[in-house]
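In what follows, a structure is listed as structure tokens, so that the remarks can point back to it.
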Amino acid sequence: MLHDRVLVSAEGDAGERKSGGGIVIPATASVGKRLAWAEVVAVGQHVRQVTVGDRVLFDPEERAEVELQSKTYLLLRERDLHAVAAQRVDTGSTGLYL
1 MLHDRVLVSA
11 EGDAGERKSG
21 GGIVIPATAS
31 VGKRLAWAEV
41 VAVGQHVRQV
51 TVGDRVLFDP
61 EERAEVELQS
71 KTYLLLRERD
81 LHAVAAQRVD
91 TGSTGLYL
């Protein structure tokens, strides 16, 4: 990975999903702009806020897809990340950095 790039593995797919109450929402349902979560697989040398294994929140419209060893990953810039959920945060904190 070069510069400020972050390679992530997207969670789930863009298919059906369930609401908090258990209602199935079909993939064809029209929804507003939605952010997505992904797990960081690799980071570039100039990335400062994210480490491998963190979960990051990003805009799915601002991404580039790449296939490595028959698995699809997303390539993002660090500045395009909206939040980081990390396990390395002190106990009692939320773990989200916005």
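Just so we're aligned, residue 1 is where the sequence shown starts under the working numbering, counting upward by one. Built from N, CA and C at the ideal position, the CB exists for glycine as well. Because the structure is a prediction, the values reported are computed rather than measured.
Use the C-beta contact count for residue i: other C-beta atoms within 10 angstroms, 16 or more gives buried, fewer gives exposed.
| i | result |
| --- | --- |
| alanine 64 | exposed |
| aspartate 54 | buried |
| leucine 81 | buried |
| valine 99 | As displayed, the chain neither begins before 1 nor continues past 98, which places residue 99 out of reach and without an answer. |
| valine 6 | buried |
| arginine 8 | A small fix is needed here, since residue 8 is valine in this sequence, not arginine. That one is buried. |
Quick one: give me the first and last residue of the beta strand (DSSP E) that residue i is part of.
| i | result |
| --- | --- |
| arginine 55 | 55–58 |
| threonine 51 | Neither: threonine 51 is in no beta strand (DSSP E) and is coded neither H nor E. |
| valine 84 | 81–85 |
| aspartate 39 | Reading off the sequence shown, one finds glutamate at residue 39, where the question assumed aspartate. Segment 36–43, the beta strand (DSSP E) holding glutamate 39. |
| serine 70 | Where serine 70 is concerned, there is no enclosing beta strand (DSSP E), given that its DSSP letter is neither H nor E. |
| arginine 5 | 5–10 |
Please work out which residues of its chain come closer than 6 Å, Cβ to Cβ, to residue i, disregarding the five sequence neighbours upstream and downstream, and give them in chain order.
| i | result |
| --- | --- |
| threonine 51 | none |
| proline 60 | Ala36 |
Looking only at DSSP bridge pairs, what is residue i linked to?
| i | result |
| --- | --- |
| leucine 76 | Val6 |
Near residue i, what residues of its chain come up, given a Cβ to Cβ distance below 8 Å and the 5 sequence neighbours on each side ignored?
| i | result |
| --- | --- |
| glutamate 67 | Tyr73 |
Compute the distance between the beta-carbons of residue i and residue j, then report whether it is under 7 Å.
| i | j | result |
| --- | --- | --- |
| leucine 35 | leucine 57 | yes |
Can you list, in chain order, the residues of its chain with a C-beta nearer than 7 Å to that of residue i? Leave out the 5 residues immediately preceding and following it.
| i | result |
| --- | --- |
| alanine 10 | Ala36, Ala38 and Leu74 |
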